[in-house]
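J.: Heads up: the sequence shown is residues 2 to 254, going by the numbering used here.
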Amino acid sequence: MSPAENLLKDLGVTAPKDIDIEAIGYHTGALIKYRPLSGCEGRIIGANNRAVITVNSEAIPARQRFTAAHELGHWHYHRGRSLICLPDEISNPAKGTPYTERIADGYAADLLMPQFLFTPTADQIGKVSFAAVENLRKEFKTSITATAIRLVEYGPEIAMLVCHTANRRKWFCRSHDIPERWFPRDDLDTASDAMDVLNGKIKHSSHMLIAADAWFDRWDAKKYELYEETYRITDNEILTFLVFKDDEMLEEH
Ligand SMILES: [Zn+2]
2 MSPAENLLKD LGVTAPKDID IEAIGYHTGA LIKYRPLSGC EGRIIGANNR
52 AVITVNSEAI PARQRFTAAH ELGHWHYHRG RSLICLPDEI SNPAKGTPYT
102 ERIADGYAAD LLMPQFLFTP TADQIGKVSF AAVENLRKEF KTSITATAIR
152 LVEYGPEIAM LVCHTANRRK WFCRSHDIPE RWFPRDDLDT ASDAMDVLNG
202 KIKHSSHMLI AADAWFDRWD AKKYELYEET YRITDNEILT FLVFKDDEML
252 EEH
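1. Considering Cα atoms alone, identify which of Ile159, Pro17, Lys204, Val198 is closest to Trp183.
2. Counting beta carbon pairs with one atom in the stretch 82–97 and one in the stretch 126–135, are three or more of them shorter than 8 Å?
3. If you measure from the CB of Cys86, is any heavy atom of ligand 1 nearer than 6 Å?
4. Taking one C-beta from the stretch 7–20 and one from the stretch 35–47 each time, how about it: are there three or more such pairs within less than 8 Å?
5. Inspect the beta-carbon positions of Ala63 and Ala31 and report whether they are closer than 7 Å.
6. Verify the contact flag: Ala95, CB atom, against every heavy atom of ligand 1, threshold strictly below 6 Å.
7. Report buried or exposed for Tyr232, applying the criterion of at least 16 other Cβ atoms within 10 angstroms of its Cβ.
8. Under 6 Å from any heavy atom of ligand 1, does the C-beta of Ala105 make it?
9. Confirm the yes/no value for this check: CB of Glu102, any heavy atom of ligand 1, distance under 6 Å.
10. So for Glu72, helix, strand or coil by DSSP?
11. Give me the residue from Asp194, Ile33, Ser144 with the minimum Cα distance to Gly47.
12. According to DSSP, which residues form a beta bridge with Glu230?
13. What do you reckon, are the CB atoms on His208 and Glu226 nearer than 7 Å?
14. Considering Gly47, what are the terminal residues of the beta strand (DSSP E) in which it resides?
15. Mind checking whether Ile61 and Ile54 have CB atoms under 7 Å apart?
16. Where does Lys96 sit, in a helix, a strand or coil, going by DSSP?
17. Opposite Trp172 in the DSSP bridges: which residues?
18. In chain order, what residues of the same chain have a beta carbon less than 7 Å from the beta carbon of His79, not counting five sequence neighbours either side?
19. Return the CA-CA distance between Asp187 and Asp124, expressed in angstroms with no decimal places.
20. What is the rounded straight-line gap between the Cα of Ser58 and the Cα of His254?
21. Which value, in whole angstroms, describes the spacing of the CA atoms of Arg170 and Pro185?
22. Does the Cβ of Leu210 have 16 or more other Cβ atoms within 10 Å, making it buried, or fewer, making it exposed?
23. Helix, strand or coil, according to DSSP, for Pro17 in the structure here?
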């Protein structure tokens, strides 16, 4: 079990509603304050056994919660350092994000959506979809992106989550069961509804079966089909779930 999950167990957390981020901060010696911040999303000033965390109060509540948990991640792993975290560095799985920020994101995800609570809830819903994300967000009070990433990691179906901005792939993550040869294309295929979502024609595409070569540039991709579903999260950013249904795609070569 990860350090954040151990902490929750020590505190006797048995349901998502028990994850009280300020109380957890207090328990670890970190005071969490909410103030308008410009240019950064969160910061931590720590010395000895005490820290003060400031979270940007202008962000949406789910984002503030994730930022607070992210700063607690710095408090756990990078104690003694004062850090300022930029909006682009929090909840960003892109490869270019600094390693310390990804560590703090991992801690935040474990604290807000621990596997021992997330997996049973996601299993009950039984699907990797944006409807499932909405249900999970109500329970865990987390953002669409952070919840969708978790659903791919610990969800009931084998899936990939791909993020695109303006016709270019920004990042992706996948279930552990997906072999590395399935590496998503940079661009969007015209056969996919994702393009319409990115262009703002529709906010959300329906769950539909599509040939895998729309998403993967491999010689054998056209032999397979998978489910896609795309959701627009900002004016120029979309998330797509690709749900793998063909066991042959999951075989290691
Ligand atoms: Zn950070």
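C-beta: ideal position from N, C-alpha, C; glycine also.
A quick note: this is a predicted structure, and the numbers were derived from the prediction, not measured.
T.: Checking against the coordinates, here is how it stands:
1. By 1-based counting over the sequence shown, the position of residue 183 is 182. Checking every option, the nearest Cα to that of Trp183 belongs to Ile159.
2. Not touching, per the Cβ criterion.
3. Here residue 86 corresponds to residue number 85 of the sequence shown, with the count starting at 1. With a cut-off of 6 Å, the C-beta of Cys86 is classified as near ligand 1, since at least one heavy atom of the ligand falls inside that distance.
4. Contact between the stretch 7–20 and the stretch 35–47 is absent: fewer than three C-beta pairs spanning the two stretches fall below 8 Å.
5. Locating residue 63 in the sequence shown gives position 62, counting from the first residue. Locating residue 31 in the sequence shown gives position 30, counting from the first residue. No, the Cβ-Cβ distance between Ala63 and Ala31 is not below 7 Å.
6. Position 94 of the sequence shown holds residue 95. It does not: the Cβ of Ala95 is nowhere closer than 6 Å to a heavy atom of ligand 1.
7. Taking the sequence shown and counting its residues from 1, one reaches residue 232 at position 231. Tyr232 counts as buried, since at least 16 other C-beta atoms from the protein chains shown sit within 10 angstroms of its C-beta.
8. Your numbering for residue 105 matches position 104 in the sequence shown. Distances between the C-beta of Ala105 and the heavy atoms of ligand 1 include at least one below 6 Å.
9. Here residue 102 is taken as the residue at index 101 of the sequence shown, counted from 1. Yes; taking the cut-off as 6 Å, the Cβ of Glu102 has a heavy atom of ligand 1 nearer than that.
10. Position 71 of the sequence shown, counted from the start, is the residue given in the question as residue 72. Shown here, Glu72 sits in a helix according to DSSP, grouped into three states.
11. Counting from 1 along the sequence shown, the entry for residue 47 is found at position 46. If we check each option's Cα against that of Gly47, Ile33 comes out closest.
12. Stepping through the sequence shown from its first residue, residue 230 is reached at position 229. Answer is Phe242.
13. As a working note, residue 208 is residue 207 in the sequence shown. As a working note, residue 226 is residue 225 in the sequence shown. Inclusion of His208 and Glu226 in the CB contact set at 7 Å is not warranted, their separation being larger than that value.
14. Mapped onto the sequence shown, residue 47 falls at position 46. 43–48 is the extent of the beta strand (DSSP E) around Gly47.
15. Walking along the sequence shown from the start, residue 61 turns up at place 60. Walking along the sequence shown from the start, residue 54 turns up at place 53. In this structure, Ile61 keeps its C-beta atom at 7 Å or more from the C-beta atom of Ile54.
16. One-based indexing of the sequence shown puts residue 96 at position 95. Correct three-state label for Lys96: coil.
17. Sequence index remark: in the sequence shown, residue 172 carries index 171 (1-based). Cys164.
18. Here residue 79 corresponds to residue number 78 of the sequence shown, with the count starting at 1. Once the five neighbours on either side are set aside, the close Cβ partners of His79 are Thr101.
19. Indexing the sequence shown from 1 puts residue 187 at position 186. Indexing the sequence shown from 1 puts residue 124 at position 123. Computed Cα separation, rounded: 31 Å.
20. The count along the sequence shown starts at 1 and reaches residue 58 at position 57. The count along the sequence shown starts at 1 and reaches residue 254 at position 253. Going by the C-alpha atoms only, they are around 49 Å apart.
21. As a first step, residue 170 must be located in the sequence shown, where it is residue number 169. As a first step, residue 185 must be located in the sequence shown, where it is residue number 184. In this model, Arg170 and Pro185 are separated by some 8 Å (Cα to Cα).
22. Position 209 of the sequence shown, counted from the first residue, corresponds to residue 210. Within a 10 Å sphere around the beta-carbon of Leu210 sit fewer than 16 other beta-carbons, which makes this residue exposed.
23. Reading the sequence shown from its first residue, position 16 is the one you call residue 17. Reduced to three states, the DSSP call for Pro17 is helix.
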